[in-house]
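The structure appears right after this line, and notes come after that.
Protein chains in written order, with the numbering used here: chain A, 253 to 412; chain B, 2 to 292.
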């Protein structure tokens with residue numbers, strides 16, 4: 253068997269420029285967890301369905317399991333650790349706690365990523381639209397009501 | 002699971018992509034948004050010797066209006082989200098604008114591409130259905146033949162099978178700008194918002210002096226490629242756009258579904274007829290308001 257191709261990449265990871273050598277078949281979320289030590293992004297289905305691995309690349313939320321780490325070369329990647337440390341997600345995280353929008357917490361980093369993109373868009377959204385926005389994130393504990401509540405709360409507050 | 006191992010390259014120009022395709026043939030796969038290819042690889046349903054990542058080919062980016070104003074060009078790297086937010090698409094290609102909200106989920110739309118969806122030719126995908134409805138032009142490029150244009154109605158051969166050869170890349174799709182007298186409609190049925198469609202309908206209709214001048218009524222997700230209803234087209238010609246006509250055309254299109262191509266034919270026909278009737282009735286109503 254031939255050796256796996258390895259490539260050097262430079263990524264601005266949570267605001268910090270870092271260099272890595274990655275096998276080209278390593279997906280972004282495995283890279284974040286195993287190479288960068290950022291275990292906040294979770295691995296669920298590895299088929300782009302569950303949304304547990306959602307991270308931000310160049311400012312937009314993408315599936316961490318459907319990108320290869322090598323594709324992040326030269327890009328800006330933000331994970332749950334980054335948006336927590338910067339305080340960007342604070343209001344939403346607080347609302348998640350207050351509304352009991354998490355139980356086991358496995359889906360939560362992905363939910364926060366998706367929710368934050370919606371909050372940051374500044375769009376006026378109904379509960380219906382929040383549900384549509386969350387349709388690509390699975391939660392097996394809460395039944396979604398509390399998550400919709402939390403996001404709605406922050407969206408409403410932004411409006412005032 | 003993880004994707005099986007592959008070699009990776011990241012060319013910067015279309016010519017480089019074409020050369021790589023020329024020398025590697027069917028061993029190479031083009032990686033654009035990767036929102037279908039990568040899950041298929043992770044599930045070990047698909048593999049590639051070489052992945053040609055086109056994400057850094059700047060010439061493939063963007064959504065723009067052609068110089069003569071007859072079509073909107075969507076480059077191979079334009080993401081679904083970008084097309085969905087495009088003013089040009091909203092104004093000139095309202096069918097695609099409407100269909101966009103049915104395409105997958107936000108994080109997938111942020112990465113997945115319109116051309117990728119066309120090149121893959123998944124039977125339940127929205128973009129191939131829109132392309133067949135409007136008979137958009139697909140532009141292919143290869144090292145051997147340079148650029149060639151293929152009308153969408155000649156592009157889709159079967160399940161994941163298209164006119165694109167292994168040595169070609171789909172560089173852009175040209176969506177014809179909608180004429181003033183035209184109306185469009187789109188709807189699909191899926192279990193959950195953003196999931197693959199069980200039945201879908203796309204339609205374009207031209208009304209002239211209060212009568213239907215032409216109609217393209219497409220059913221998709223119920224056959225290997227989007228199906229243009231020949232019956233509905235013939236029946237609609239020269240008729241007044243009434244709710245009765247909508248019912249008749251919807252039923253005609255539903256009856257054309259082939260039991261050899263889709264399971265549970267009765268329920269699919271029922272769903273297709275109901276959906277097509279809704280889409281057409283709404284379009285005909287709009288014609289009433291406009292006319």
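Ideal placement from N, C-alpha and C gives every residue a C-beta, glycine not left out.
Since the model is a prediction, treat every value here as computed from it, not as a measurement.
Asked	Found
Straight-line Cα distance separating residue 336 of chain A from residue 371 of chain A	15 Å
Other residues of its chain near residue 63 of chain B: CB distance less than 7 Å, five sequence neighbours each side excluded	76, 79
Proximal residues, the segment 377-401 of chain A versus chain B, C-beta separation under 9 Å	383, 384, 385, 386, 387, 388, 389
Contacts of residue 53 of chain B in chain A (Cβ-Cβ under 9 Å)	In chain order: nothing, as chain A lies at least about 12 Å away.
Residue environment, residue 276 of chain A, which counts as buried when at least 16 other CB atoms sit within 10 Å	buried
Residue 268 of chain B burial status per 10 Å Cβ neighbour count (16 or more: buried)	exposed
Sufficient close CB pairs (3 or more, under 8 Å) joining the segment 114-125 of chain B to the segment 23-39 of chain B	yes
Closer than 8 Å to chain B by CB, residue 366 of chain A	yes
Cβ neighbours of residue 399 of chain A in the same chain (closer than 7 Å, five flanking residues each side left out)	353, 363, 386, 391
Residue 245 of chain B in three-state terms, based on DSSP	helix
Host beta strand (DSSP E) of residue 43 of chain B (start-end)	Here residue 43 of chain B belongs to no beta strand (DSSP E); instead the alpha helix (DSSP H) covers 38-43.
Proximity of residue 320 of chain A and residue 278 of chain A at Cβ, strictly below 8 Å	yes
Straight-line gap, residue 267 of chain A to residue 213 of chain B (C-alpha atoms, nearest Å)	58 Å
DSSP bridge partner residues for residue 306 of chain A (one or two, in chain order)	A:315
Residue 295 of chain B versus residue 274 of chain A - alpha carbon distance	No information on residue 295 of chain B is available, as it lies outside the stretch 2 to 292 that chain B covers here.
Within 8 Å, strictly: CB atoms of residue 347 of chain A and residue 405 of chain A	yes
Interface flag, residue 44 of chain B vs chain A, CB-CB below 8 Å	yes
Partner residues on chain A for residue 2 of chain B, Cβ-Cβ distance less than 9 Å	298, 299
Chain A contact for residue 108 of chain B (CB, 8 Å cutoff)	yes
Presumed contact (8 Å Cβ cut-off) between residue 10 of chain B and residue 170 of chain B, rounded CB distance	With a Cβ gap of about 14 Å, residue 10 of chain B and residue 170 of chain B do not count as contacting.
Segment contact, 8 Å Cβ cut-off, at least three pairs: the segment 217-224 of chain B with the segment 245-256 of chain B	yes
Runs of alpha helix (DSSP H) wholly within the segment 337-401 of chain A (minimum 4 residues, chain order)	342-350, 360-373, 379-385
Buried or exposed by the 16-neighbour rule on C-beta atoms within 10 Å, applied to residue 356 of chain A	exposed
Cβ-based burial, residue 84 of chain B [other Cβ within 10 Å; buried from 16]	buried
N-terminal and C-terminal residue of the alpha helix (DSSP H) that residue 17 of chain B is part of	15-25
Which of helix, strand or coil DSSP assigns to residue 225 of chain B	coil
N-terminal and C-terminal residue of the alpha helix (DSSP H) that residue 134 of chain B is part of	127-135
CB contact below 8 Å: residue 161 of chain B versus chain A	no
For residue 118 of chain B, the three-state DSSP class (helix, strand or coil)	helix
Assigned exposure category for residue 181 of chain B - 16 Cβ within 10 Å defines buried	exposed
Closest Cα partner of residue 147 of chain B within the set B:86, B:185, B:168	B:168
Test item: CB-CB of residue 264 of chain A and residue 108 of chain B under 8 Å	no
Per DSSP, cross-strand counterpart(s) of residue 187 of chain B	B:203
Every unbroken beta strand (DSSP E) inside the segment 255-280 of chain A [3 residues or more]	258-265, 268-275
Contact check, residue 295 of chain A vs residue 281 of chain A, beta carbons under 8 Å	yes
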